[in-house]
């Protein structure tokens, strides 16, 4: 989950009329988890569905609502332009590469280092989340006063040259893609296209190379007063959503917003409010509280939405940046937040029901109890394990192994098809502990099926200087007899894990249900165990579950 | 006091009942037992307060290399007077004979007033004043000779000290002696009357360890019992699931970051078939298209993953059974593709409860939570809003931990989104809540490294009490 650092003094100034303590207490009730707190700063984690909380102005707007300082929509006023200069023209050729573009102009604002830092953080968060690592949408923020409007969103060959952001020398697109960090990271978005998207101004100066990098020409600094924002992408709603969050942040920072027209739509038309009708009954049913429609409207306003009673329903006006709101149920949550979760008392459902464990659980518990009675202690191992333990050390056949893709952990790459190897691994971790060591484990194992078969297996190992086939067979017999009055046979067999002549298949009703034996000395050595080990493994799913 | 005595102890007590004080050496000689046996016996008796051990230190002296030589050939000053006994001898001639002893010889002979030194033009000449008797130092050398004798035997302490100042003349050795006597209590013990069948019931014995369930399993079982006691019935499902049930059915868009390989384990070369009915697939597809506005792809939903939560089991159960009233729970392993650390495992346990009913509400959900935590012994709880992709509204529980003196985040909860339930024809509200079990078990067992649960170290398994 993303994290934002808030300067408390700044935040307090933005919220107005509230003590720092009151602000800190209210933060969790906006859904913000406090990660770290000092006298000056507070770090909060916000949900990925609320990118507007990536800046302190966004959080301040939320706090103002919850604390009753300012309620209702913070209106996004975008001044419509008749002037044709405020446009981004699109070359149709770019539609095949990165089809959507929107723009916005923000004037007469003030930037300082903190605001620039926050804007960059917001941009990164939007790139990652809504933009799906810049694929669906990416943002460029430019110093408007370095640009000659109108703009052209067009294509250029990879030989096209300009000075990219944070450098002072001209580079070709190919060089940028191959040598810069962002170039290398995001070049796959452009695929194998011969041409790449470029935004030029009317002097043919390169403004931006979406979604990779801006031009150095338009670098924003603390002296910048007027901004141009462009959002491009291959998903039209992601482009709109992204721009809406940036627009609301810039509005919160005091900029005056101006419309930019593109071929299809203008930003002012894109960033309009929506209306959702809410049935008050849904609110009372879902939350378990009776609220009048007027009260519900008030709660929604506290969440910076607008609402009014319309007949039996409530008409709710939602700003464009709240694209996390899908339908009425999302508004119910807003009502709950406006009401205050802390103000909801708890109740219990009136229905009566009788609980029960499932049969498998009961059976497995019973088997565990018997094994404990026989002196075996329960071990728990991961079912995602390594080839080393599962096959190499145990000399087992690995041709049918089931593997997961791109595991971050070397020890967890293969799904186990047997429990015994893990238990041998446990014995090898305990060679300095007192013997005898008797362990068992019950758990899922995986084999190829359609597409994967899962079975529940039970395995025991018995390690001490006199451990023998006879002893472990006695344990096996006692277990099955005590559990289900099952008599089992052991039929001579061979298995690479066990000693030759000291291993058998376990047979119940002429079906093989497991294997038993003294572990092969080479296997024991592979696990660096210094005493004889005997053991067995049963596929419970085959005969008992 | 233990009334059991070892045969060695009995022997020593008997001996000391007739002879009051004996040294360790004397006891060894008289009992004809080995040094080790006697030493052990003395230690046992001392620990039982049956014997008093007094340690004393005695010094012994022997002659060193130079002392032995002087005893044979005389002290340097004796050698000197022997050389000048008949006539005065020039200084330089003496030096040639006495070599390194010359300086000491001259100094001591002058100090004793045995010689005079006269200087003339050809050098100094040494002549004898009077033939000296045996000195007290020479007497001591004679007394010691080749033997090792107690220092206390030598009465002329001053001369001994002066000999000790000469290099390697006298070697002093310290010998510690233990003298044993019986305590008042032991003096009256009738050794022969003590029952020889009795054993030392107070002594340490070898440790044995009870076979047991795994401590984490104990917590899992406790949580299972709580669910059952709250009226919930258990359901279960596979660990490997088609992406459809793990993600798509829960309204997680196909390009959501959580679905990437960095977070979720995909099973190589495995695709599900017949994982859902045609209408279920159709409805889920429509829900995604409408809600997320993208072309939903059934092939992505076929990819097999290791379940990232138990919710896939829950939604599958709801879709198949469409209960109008229900309390169910599902508990088991879930997987995340994470780097293993003290706080993250790739595989851990999760539990999830569901209430379906006509009029069930968020307050009911909070009420059931409160009951659940109460049964776990956690009474100080509060609820905060949060976000989960498939519930709306969503809350998280904060539980106050006395040991850590802070609020910690435990289970999450919420009401299933209509986008999740509607495609499966579930019309009544579904309250859902759950979370990781290891987190609770860590608090219970006071662990700060979650990996301990899967290390299976016998030292830990054998020493962790069941009651925490």
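Protein chains in written order, with my numbering: chain Y, 31 to 575; chain E, 7 to 474. The beta carbon of each residue, even a glycine, is placed where N, CA and C say it ideally should be.
Buried or exposed for residue 356(E), please, with buried defined as at least 16 other CB atoms from any protein chain shown within 10 angstroms of its CB. buried
Count the other CB atoms, across all protein chains shown, that sit within 10 Å of the CB of residue 8(E); report buried if there are 16 or more and exposed otherwise. Residue placement at residue 8(E) cannot be trusted, given a pLDDT of 49 that sits under 50; what the coordinates show is reported in the next sentence. Result: exposed.
If you check the beta carbons only, do residue 290(E) and residue 429(E) fall under 7 Å apart? yes
Mapping DSSP to helix, strand and coil, what is residue 7(E)? Reliability fails at residue 7(E), whose pLDDT of 46 lies under 50, so the model's placement of it is uncertain and no value is given.
Measuring straight from C-alpha to C-alpha, what distance separates residue 4(Y) and residue 327(Y)? Summary: the structure shown does not reach residue 4(Y), with chain Y confined to residues 31 through 575, and so no result is reported for it.
I need the boundaries of the alpha helix (DSSP H) containing residue 354(Y), first residue and last residue. It is not in any alpha helix (DSSP H) - residue 354(Y) carries neither H nor E in the DSSP assignment.
Taking C-beta pairs closer than 7 Å, name the residues in chain E that residue 435(Y) reaches, listed in chain order. 267, 272, 274
How should residue 80(Y) be labelled, buried or exposed, when 16 other C-beta atoms within 10 angstroms of its C-beta is the threshold for buried? buried
Taking residue 62(E) as the reference, give the member of 121(E), 183(E), 296(E) with the closest Cα. 183(E)
Specify the secondary structure class of residue 419(E) as computed by DSSP and reduced to three states. strand
Identify which residue in 342(Y), 334(Y), 315(Y), 318(Y) has its Cα closest to the Cα of residue 324(Y). 342(Y)
Do residue 502(Y) and residue 566(Y) come within 7 Å of each other at the CB atom, strictly closer than that value? yes
Three Cβ pairs or more, each shorter than 8 Å: is that satisfied between the stretch 379-391 of chain Y and the stretch 342-358 of chain Y? no
Would you report the Cα separation of residue 237(Y) and residue 418(Y), rounded to the nearest angstrom? 54 Å
Going by alpha carbons, who is nearest to residue 7(Y) out of 544(Y), 409(Y), 556(Y)? A question about residue 7(Y) goes unanswered here, because the residues of chain Y that appear run from 31 up to 575.
Of all Cβ atoms in chain Y, is any one closer than 7 Å to the Cβ of residue 7(E)? Below a pLDDT of 50, predicted positions are generally treated as unreliable, and residue 7(E), at 46, falls in that range; no measurement from the model is reported.
Kindly indicate if chain Y contains any beta-carbon less than 7 Å away from that of residue 175(E). no
Assuming residue 576(Y) and residue 348(Y) are in contact, meaning their beta carbons sit under 8 Å apart, how far apart are those beta carbons, in whole angstroms? The requested residue 576(Y) is not part of the displayed model; chain Y covers only 31 to 575.
Proximal chain Y residues relative to residue 310(E), where beta-carbon distance stays under 7 Å: 481, 482
When DSSP builds the beta bridges, which residues end up paired with residue 24(E)? Looking at the DSSP assignment, residue 24(E) forms no beta bridge with any residue, so it has no partner.
Along chain E, in chain order, which residues have C-beta atoms closer than 9 Å to that of residue 439(Y)? 343, 344, 345, 346, 352
Among 390(E), 349(E), 331(E), which has the Cα closest to the Cα of residue 371(Y)? 390(E)
Please check if any C-beta of chain E sits within less than 7 Å of the C-beta of residue 387(Y). yes
What is the DSSP secondary structure of residue 64(Y), counted as helix, strand or coil? strand
Under the three-state reduction of DSSP, which class applies to residue 152(E): helix, strand or coil? coil
Excluding five sequence neighbours on each side, which residues of the same chain lie with their C-beta closer than 8 Å to the C-beta of residue 214(Y)? 207, 208
Cβ of residue 121(Y) within 7 Å of any chain E Cβ: no
Residue 420(E) vs residue 394(E) beta-carbon contact at 7 Å: yes
Which chain E residues are close to residue 360(Y), counting only those with a beta carbon under 7 Å from its beta carbon? 398
Under 7 Å between C-beta atoms of residue 366(E) and residue 329(E): no
Cβ atoms of residue 442(Y) and residue 352(E): under 7 Å apart, would you say? yes
What number of angstroms, rounded off, separates the C-alpha of residue 377(E) from the C-alpha of residue 76(Y)? 29 Å
When you compare only the Cα positions, how much space is there between residue 427(E) and residue 301(E)? 20 Å
If we ignore side chains and look at the alpha-carbon of each, how far apart do residue 343(E) and residue 512(Y) end up? 41 Å
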